[in-house]
Amino acid sequence: MIKTDVLVIGAGPIGLFAVHQLGIIGLKAEVVDNLDKIGGQCIELYPDKPIYDIPAIPECTGESLTKNLLEQVKPFKTNFHLNERVQEISKEKNHWKIATSKNKIFIAPNIIIAGGVGSFEPRKFSIEEAIKFENNGVYYSIKDKNYFKNKKICIFGGGDSALDWAIELSKFAEVILIHRRNEFRGVGNSFKTVKKLEKEGKLKIKTPFQINSIEGQHKISAITIKTEDDKTEKITTDCILGFFGLIMKLGPIGEWGLNLDKKHIPVNTENFQTNKEGIFAIGDICTYPGKLKLILSGFHEAALAARTCFKIARPNEKYKFEFSTTSKKMQERLGLKKDK
Ligand SMILES: Cc1cc2nc3c(=O)[nH]c(=O)nc-3n(C[C@H](O)[C@H](O)[C@H](O)COP(=O)(O)OP(=O)(O)OC[C@H]3O[C@@H](n4cnc5c(N)ncnc54)[C@H](O)[C@@H]3O)c2cc1C
10 MIKTDVLVIG AGPIGLFAVH QLGIIGLKAE VVDNLDKIGG QCIELYPDKP IYDIPAIPEC
70 TGESLTKNLL EQVKPFKTNF HLNERVQEIS KEKNHWKIAT SKNKIFIAPN IIIAGGVGSF
130 EPRKFSIEEA IKFENNGVYY SIKDKNYFKN KKICIFGGGD SALDWAIELS KFAEVILIHR
190 RNEFRGVGNS FKTVKKLEKE GKLKIKTPFQ INSIEGQHKI SAITIKTEDD KTEKITTDCI
250 LGFFGLIMKL GPIGEWGLNL DKKHIPVNTE NFQTNKEGIF AIGDICTYPG KLKLILSGFH
310 EAALAARTCF KIARPNEKYK FEFSTTSKKM QERLGLKKDK
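Per the working numbering, numbering of the sequence shown is gapless, rising by one per residue and ending at 349.
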């Protein structure tokens with residue numbers, strides 16, 4: 010059981026800035042995100058694309074913004090619980106009990122939901138056997154590429170992830186890249202490299218094929234693939250990887266008794282609190298008259314929510330407004346020298 014002042018759901022840009030705003034006023038936060046990496050949409054959807062409307066930063070990319078936000082929260086030594094979805098919340102006396110998909114329990118007087126468009130989840134194989142073998146031969150992401158060394162692998166998909174992993178894993182595994190169309194969606198260079206590797210006999214490409222069945226008892230022994238006109242082919246393999254993109258689901262957030270308006274959470278704009286005391290919603294997931302789904306709006310929302318979190322977490326202390334330029338306390342929390 011982990012006790013903290015605030016449990017932040019979502020490690021996107023707004024969840025990260027919330028950690029900063031909580032940290033400088035002296036509150037501890039723990040962050041949970043369903044993804045295997047920090048950065049939310051900025052990292053998952055557009056790491057290389059330029060952003061031009063972050064105040065005082067004329068241009069940055071999704072990746073560099075995330076890197077800088079992480080740098081800014083470094084002094085607070087925050088724990089990030091990745092690959093974990095917040096499943097359930099319940100009220101216990103003066104605090105919230107929060108349970109994750111990995112059965113971790115957090116106890117906190119405040120929850121900040123910075124869940125964006127909901128949790129990103131991989132699009133999965135549609136055949137039933139894929140569920141049976143999930144995480145035991147069927148994978149939708151790679152946590153440790155060494156696991157695949159010297160294995161026979163079938164990679165499904167036509168986008169960048171499928172192409173990039175086919176290139177990478179072909180260095181030390183037997184790879185077959187399978188796609189339902191003859192054309193790949195991935196960017197030019199990766200596709201050229203894949204074709205070159207195919208010519209050199211370092212990987213195989215099979216198109217236009219889709220998965221038809223998976224064979225095996227306790228582990229996968231083979232799969233069959235088929236064309237649109239039902240021509241089938243059997244392939245012996247140790248595992249299959251599916252890279253079909255991500256779907257965004259509001260997921261469990263929709264079941265916590267919060268008021269909802271078309272998959273968004275209405276909030277009070279004074280402090281971004283939801284209809285439940287101690288639960289705040291900021292960033293893309295919240296809605297109010299005039300809401301702009303921009304990163305800069307989320308930063309403002311984080312600042313206000315953090316101040317009310319303070320009042321709830323420290324009912325006996327008075328919150329005092331301070332500037333970071335002049336507040337010794339804030340500067341100490343940021344690990345700066347006292348004489349600065
Ligand atoms: C292509 C593109 C370009 C964009 N360009 C700009 C731009 O130029 N300027 C701008 O201001 N904005 C831009 N945006 C919008 C901007 O990216 C979003 O406003 C911003 O990412 C919202 O941040 P967030 O932290 O609220 O949510 P997100 O970035 O969506 O992060 C939410 C996180 O919460 C996690 N999560 C959700 N539910 C759970 C749960 N139950 N348990 C655990 N984790 C959960 C998700 O996995 C996700 O990582 C762009 C968006 C896109 C798609």
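Where is the CB? At the ideal position from N, CA and C, for every residue including glycine. No experiment lies behind these values; they were computed from the predicted model shown.
Reference residue i, options the options, closest by Cα
i, options, result
"N92", "E130, S179, S230 and F181", "E130"
"N159", "A182, A139, G146 and G125", "A182"
"I176", "K100, T202 and Q96", "T202"
"P22", "E80, I185, P67 and G146", "E80"
"K258", "S333, H273 and V15", "H273"
"F134", "E331, F252, S99 and F330", "F252"
"K46", "E192, K76 and N284", "K76"
"I98", "K338, E341, I288 and E331", "I288"
"F157", "E264, P261, Q340 and C248", "C248"
"A123", "V41, K329 and F142", "V41"
"N103", "K338, K327, R323 and E341", "R323"
"N280", "K271, D270, L269 and G292", "G292"
"V147", "Y328, E224 and A315", "E224"
"N221", "L206, D239 and I164", "D239"
"K100", "T241, L267 and N325", "L267"
Beta carbon proximity, residue i to chain C, threshold 7 angstroms
i, result
"I223", "As a matter of chain content, chain C is missing from the structure shown, which is built from one protein chain."
Endpoints, the alpha helix (DSSP H) within which residue i is located
i, result
"W174", "D169 to L178"
"I284", "Looking at the sequence provided, one finds Asn at residue 284 rather than Ile. Run containing N284: none; DSSP gives neither H nor E here."
"I140", "E138 to K141"
"E80", "G71 to V82"
"L206", "G197 to K208"
Distance between residue j and residue i (C-alpha atoms, nearest Å)
i, j, result
"G32", "I232", "51 angstroms"
"A312", "E286", "17 angstroms"
"K106", "D153", "32 angstroms"
"L290", "I63", "According to the sequence displayed, residue 290 carries Ala and not Leu. The straight-line gap from Cα to Cα measures roughly 21 angstroms."
"K208", "F218", "20 angstroms"
"I11", "L74", "29 angstroms"
"T87", "V28", "8 angstroms"
"A139", "G197", "31 angstroms"
"L36", "T317", "11 angstroms"
"G34", "T334", "Residue identity differs from the one stated: residue 34 is Ile in this sequence, not Gly. Their backbone Cα atoms lie some 13 angstroms apart in a straight line."
"V276", "I66", "29 angstroms"
"G210", "K204", "10 angstroms"
"I164", "A314", "44 angstroms"
"L305", "A171", "33 angstroms"
"K338", "F332", "10 angstroms"
"R190", "Q226", "30 angstroms"
"F330", "K320", "12 angstroms"
"K271", "I18", "20 angstroms"
"E68", "I60", "6 angstroms"
"T173", "S179", "For clarity, residue 173 is Asp in the given sequence; the question names Thr instead. Rounded to whole angstroms, D173 to S179 spans 10 angstroms at the Cα level."
"L54", "L303", "15 angstroms"
"K113", "L206", "43 angstroms"
Own chain residues within Cβ distance below 6 angstroms of residue i, not counting five before or after
i, result
"R94", "N43, S110 and S128"
"F308", "F26"
"L16", "E39, I107, F115, A117 and I120"
"P84", "L343 and G344"
"K213", "I185"
"H90", "V41"
"T216", "H188 and N191"
"T296", "D270, H273 and P275"
Cβ neighbours of residue i in the same chain (closer than 8 angstroms, five flanking residues each side left out)
i, result
"E72", "G48, C51, I52, P56 and D57"
"R194", "G167, G168 and D169"
Extent of the continuous beta strand (DSSP E) run through residue i
i, result
"T245", "T241 to T245"
"K161", "K161 to F165"
"E224", "Q219 to E224"
"M257", "L255 to K258"
"K337", "No beta strand (DSSP E) holds K337; the alpha helix (DSSP H) holding it covers K337 to R342."
"T233", "A231 to K235"
"G266", "It is not in any beta strand (DSSP E) - G266 carries neither H nor E in the DSSP assignment."
"E183", "E183 to I187"
"I66", "Run containing I66: none; DSSP gives neither H nor E here."
beta-carbon residue i near ligand 2 non-hydrogen atom, thresh 6 angstroms
i, result
"N280", "In the structure on display, ligand 2 does not appear, and the ligands it does have are ligand 1."
Same chain only: Cβ atoms within 7 angstroms of residue i, ignoring 5 sequence neighbours per side
i, result
"Y149", "P131, K133 and G251"
"K349", "Only weak support is given to the placement of K349: the predicted model assigns it a pLDDT of 49, under 50, and the value that follows is read from those uncertain coordinates. These residues qualify, in order along the chain: Q340."
"L269", "G263"
"L78", "P22, L25 and F26"
"K243", "A231 and T233"
"T245", "K161, S230 and A231"
"G254", "R132 and G168"
Start-end ranges of the alpha helix (DSSP H) lying completely within the stretch 17-58, minimum 4 residues = Fully enclosed alpha helix (DSSP H) runs of 4 or longer: 22-33 and 49-53.
query = Which runs of the alpha helix (DSSP H) fall wholly inside the stretch 292-324 and span at least 4 residues, in chain order?
reply = 304-322
query = Which ranges does the alpha helix (DSSP H) cover as unbroken runs of at least 4 residues, wholly within the stretch 82-163, from first to last along the chain?
reply = 138-141
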